[in-house]
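Those protein sequence lines, which keep their order, are chains W and Z.
For the first sequence, counting from 1, position 65 maps to 65 in our numbering; every step adds exactly one.
For the second sequence, counting from 1, position 123 maps to 1123 in our numbering; every step adds exactly one.
For every residue, glycine included, the Cβ atom is placed at its ideal position computed from N, Cα and C.
In what follows, a single structure is set out as structure tokens and then discussed.
Protein chains: 2
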Amino acid sequence: MDDNSSITVPEPTLRRMPSYLEYLKLLERRGDKHVSAPTIAKALDLDATQVAKDLAYTSITGRTRVGYEVAPLVQALRDFLHMDQRVPAFLFGVGKLGSALLQYQGFVDFGLDWVAAFDPDERLAGCRVGEVEVLHPDAFRAMAPEVGAKVAVLCVPAEVAQITADMVVGWGVTFIWNFSLFPVKVPKGVFVQQTSMYSNLVVLLNRLHGQKLEDQP
Amino acid sequence: MDDNSSITVPEPTLRRMPSYLEYLKLLERRGDKHVSAPTIAKALDLDATQVAKDLAYTSITGRTRVGYEVAPLVQALRDFLHMDQRVPAFLFGVGKLGSALLQYQGFVDFGLDWVAAFDPDERLAGCRVGEVEVLHPDAFRAMAPEVGAKVAVLCVPAEVAQITADMVVGWGVTFIWNFSLFPVKVPKGVFVQQTSMYSNLVVLLNRLHGQKLEDQP
Chain W
1 MDDNSSITVP EPTLRRMPSY LEYLKLLERR GDKHVSAPTI AKALDLDATQ
51 VAKDLAYTSI TGRTRVGYEV APLVQALRDF LHMDQRVPAF LFGVGKLGSA
101 LLQYQGFVDF GLDWVAAFDP DERLAGCRVG EVEVLHPDAF RAMAPEVGAK
151 VAVLCVPAEV AQITADMVVG WGVTFIWNFS LFPVKVPKGV FVQQTSMYSN
201 LVVLLNRLHG QKLEDQP
Chain Z
1001 MDDNSSITVP EPTLRRMPSY LEYLKLLERR GDKHVSAPTI AKALDLDATQ
1051 VAKDLAYTSI TGRTRVGYEV APLVQALRDF LHMDQRVPAF LFGVGKLGSA
1101 LLQYQGFVDF GLDWVAAFDP DERLAGCRVG EVEVLHPDAF RAMAPEVGAK
1151 VAVLCVPAEV AQITADMVVG WGVTFIWNFS LFPVKVPKGV FVQQTSMYSN
1201 LVVLLNRLHG QKLEDQP
């Protein structure tokens, strides 16, 4: 969003942060006390200058010859990523993908706090997926202002992505994570993150089938 | 891979293909017979010239004033994506993410045919996740040459991603889809697709927490 430019961290930097954290946590478990930027860079197949630049966004800087202290850097990364702050989140569309995401511990570790999930399928009403209750989408209306719902995750069929987005934005959501295959249009001030589970698979399969063609005599 | 350059379709084009297919299938269900590039572009928030260029990678071209015929274009996209060809695939690491991916119908629709899943946890041995049997990783050795295993999906803990990659490459795998947070190094001729479930979430949460800071007086 434009109005956040003053505190914007570059997206590629953000995207690398979970890998830094994962690597630092590994070092911590191994009992390592210090690590240098070049060592991190080698492990994660990155450039050492880039690593130092990325990590400078946390409050921690490495010291010459000593490098970074592992434990404080782990905490600085967790703080930078706000991992200890719970973010109430609502999921729409409890199909195969929606169910999987609700049960995925990794998202919970990063702060997502599933308040409820919604699906119009009456057979799902009142069911629980993991620990999350499934409700009819109409229930969101009553719930949204009460909990100050800001984050909605859309796993609905593509053709209802837009009406679902309109509905949640109407009830105060300003951050949409859209897993459906259609883009959604939102008013200014609403942030949409589009994620496709298929895009990387399609690239891999294209290369695979391409190779097969070439292998043929 | 370098040796595929002669038949390489640009990655951004490939990544858009599932959305085209989803939209065309929607039109087909609605009974629409024809659609123009500008109409597709509008629905998917793309540029019409780009749409025409992307779709030209299938064998189908649109006709002036008529546009594309919907049904043949659906089939051309399916053919282009080789969706009717089953690709034997093996998953390593049956944790929360691995289990979710095994049960995700979307990947099956795109051609992934799960032959088996592997996890060293003895409590999982012989279990089924969905319809897929979980075996000890050692079993891959006997199975790989028999079925001509080419595709491995890694959902293992980051610290064992590299040894798992080395192992599967040693037994003939040439396409690795790596969901672990550490990159894997592979010999020339092996294609790796790196996917992080966290990267988009981290961007979204960063913008969210950034906005909160600004909202404070």
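Under the 9 angstroms criterion on CB atoms, M1197 of chain Z is classed as interfacial with respect to chain W. At least 9 angstroms separates the CB of R63 of chain W from every CB of chain Z. If you draw a straight line from the Cα of V129 of chain W to the Cα of Y68 of chain W, it is about 41 angstroms long. Counting only Cβ-Cβ distances below 8 angstroms, P18 of chain W has contacts in chain Z at L1181, S1196, Y1198, S1199 and V1202, in chain order. Taking CB atoms only, R1207 of chain Z has a neighbour in chain W less than 9 angstroms away.
Secondary structure note for Q1050 of chain Z: its alpha helix (DSSP H) is the uninterrupted segment A1048 to L1055. Under the Cβ criterion (8 angstroms, minimum of three pairs), the region 1169–1182 of chain Z counts as touching the region 18–28 of chain W.
Residue range A161 to G170 is occupied by the alpha helix (DSSP H) that includes I163 of chain W. With the criterion set as a beta carbon lying under 8 angstroms from some beta carbon of chain Z, the members of the region 41–58 of chain W are A43, L44 and D45, in sequence order.
Within chain W, the residues placing a beta-carbon under 9 angstroms from that of K1096 of chain Z are A100, Q103, Y104, Q105 and G106, ordered along the chain. Chain order gives the chain Z residues near W177 of chain W as N1200, L1201 and L1204, where near means a beta carbon separation below 9 angstroms. When DSSP states are grouped into helix, strand and coil, I1040 of chain Z belongs to the helix group.
Residue nearest to A1041 of chain Z within the set Z:A1089, Z:D1032, Z:L1055 and Z:R1030 is Z:L1055 (criterion: CA-CA distance). When DSSP reads this structure, R1063 of chain Z sits in a beta bridge with Z:G1067. The C-beta of D166 of chain W has fewer than 16 other C-beta atoms within 10 Å across all chains shown, which makes the residue exposed. Think of a sphere of 7 angstroms around the beta carbon of G1111 of chain Z: the chain W residues whose beta carbon falls inside it are L205, in chain order. For A158 of chain W, there is no enclosing alpha helix (DSSP H), since its DSSP letter is neither H nor E. Neighbours of Q193 of chain W in chain Z, taken as residues at a C-beta separation under 8 angstroms, are given in chain order as N1200, L1201, V1203 and L1204. Fewer than three pairs of CB atoms, one per stretch, sit closer than 8 angstroms, so the region 92–106 of chain W makes no contact with the region 74–81 of chain W.
With fewer than 16 other CB atoms across the displayed protein chains lying within 10 angstroms of its CB, G189 of chain W is exposed.
DSSP places D109 of chain W in the uninterrupted alpha helix (DSSP H) bounded by Q105 to D109. Measuring C-alpha to C-alpha distances from L201 of chain W to each of Z:K1096, Z:R1015, Z:A1125 and Z:P1010 identifies Z:R1015 as the nearest. For A116 of chain W, the enclosing beta strand (DSSP E) covers residues L112 to F118.
Those residues of the region 151–167 of chain W placed with their C-beta closer than 8 angstroms to a C-beta in chain Z are V151, A158 and E159, ordered along the chain. Here S1199 of chain Z is buried: its Cβ has 16 or more other Cβ atoms, across all protein chains shown, within 10 Å. In the structure shown, the three-state DSSP call for F80 of chain W is helix. Restricting attention to Z:M1197, Z:K1185, Z:V1169 and Z:A1152, the CA atom closest to the CA of L204 of chain W is found in Z:A1152. Excluding the 5 residues flanking it on each side, A1048 of chain Z has same chain C-beta neighbours closer than 7 angstroms at A1037, P1038 and A1041, in chain order. With contacts defined by Cβ atoms closer than 9 angstroms, L1154 of chain Z and W1177 of chain Z form a contacting pair. In the structure shown, A125 of chain W falls within a coil segment according to DSSP collapsed to helix, strand and coil. The three-state reading of DSSP puts L1135 of chain Z in strand, counting E and B together. For Q1085 of chain Z, a Cβ of chain W is located within less than 9 angstroms of the residue's own Cβ. Annotation: D1109 of chain Z to L124 of chain W spans about 24 angstroms, alpha carbon to alpha carbon. Taking 9 angstroms as the threshold, the shortest C-beta distance from R1078 of chain Z to chain W does not fall below it.
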